[in-house]
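Heads up, the thing below is written out as structure tokens.
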Amino acid sequence: MDEWIKENLSRILDFEVPEDLIKYLLSIENEPDLREYMKTLIDFDNHQHQTFFTDFCKRKFQNNKASLPRQPKKKISKSKQSEPSSTEVKTSTLDVETEVTNKKKTKYVNLYSQEGKNAQVVLLKGRHHCDCQAAKHELVNNCLYCGRIVCKQEGSGPCLFCGHLVCTPQEQKEINSKTKSSTKLKETLLEKSRPKGWEAAVSHRNRLLEYDRTSERRTRVTDDDSDYFSAGSVWLSAEERQKLDKYQQSLHDKKHASRLHKKMTFDFAGE
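So the sequence shown is numbered by my numbering: it starts at 23 and just counts up by one.
Structure follows, in structure tokens:
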């Protein structure tokens, strides 16, 4: 059975099936569970895949039925038929106990299915700022005021950028119905807590927008390299150009001054 599964399943999937997957397929006890799991592996619209699943079910579940031993019927007298035997009660209780104590079997999930993708995504508890733009987490909705893409990590509630309400289409439909439950739902969504530091971030944003609107000069740049600029630079003002001209003239006079005008002092006494 193992070789048959490995050969046929590897052929339709175009890769070698691991032994763990074969063991898990054989451990599934009923056909509905087997069909549900096989939907993540094969395409049931494909005739070849459908044929493999049908043959596999026939081989697996018919073999299971054939492997069950037939217990011979014992003749019981009419007087004993009405009284349940103690051995039957004991065996039934043992069966129940063994079913409860059985360990849960490992469930294999296809990484390329939606369930597999969701298992790889980390979702933190509560509302947290996220810039995945619904690429990693499920989309909640777009903010109709600022256009922000809100994912499931940020959740329904006030927009983390502008503060307006953002909710799923189902929640918006219920809010639009204008019933008591819709009013309560809207109040609950608006009261959802924002992340830590949200108020400080909004006030800082508003302050920067105010600075941009008024265009006031609040900074001053001191350029230490201005001494090395040419006096004929087009970026200099008239006062700066005049100042640089005087400075360059003083440097020129010191460099090319006559030796006759130089004064020298000699100290022979060492004072």
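Glycine included, each C-beta is placed from N, C-alpha and C at the ideal position.
Residue closest to residue i, alpha-carbon to alpha-carbon, out of the options
i, options, result
"residue 48", "67, 73, 80, 34", "80"
"residue 213", "29, 186, 275, 200", "186"
"residue 192", "161, 153, 220", "161"
"residue 64", "291, 288, 267, 37", "37"
"residue 51", "268, 146, 84", "84"
"residue 216", "40, 77, 149, 286", "149"
"residue 174", "147, 260, 283", "147"
Alpha-carbon spacing of residue i relative to residue j, whole angstroms
i, j, result
"residue 170", "residue 190", "14 Å"
"residue 229", "residue 272", "48 Å"
"residue 31", "residue 172", "41 Å"
"residue 223", "residue 158", "25 Å"
"residue 154", "residue 183", "15 Å"
"residue 156", "residue 165", "13 Å"
"residue 235", "residue 241", "16 Å"
Residue i, buried or exposed, once every other Cβ within 10 Å from all chains shown has been counted against 16
i, result
"residue 163", "buried"
"residue 23", "exposed"
"residue 264", "exposed"
"residue 227", "exposed"
"residue 281", "exposed"
"residue 180", "buried"
"residue 188", "buried"
"residue 60", "buried"
"residue 291", "exposed"
Nearest-angstrom Cβ-Cβ length linking residue i and residue j, presumed shorter than 8 Å
i, j, result
"residue 267", "residue 253", "5 Å"
> Any chance the stretch 58-78 sits against the stretch 33-49, with 3 or more Cβ pairs inside 8 Å?
Replying inline: At 8 Å Cβ cutoff, the stretches touch.
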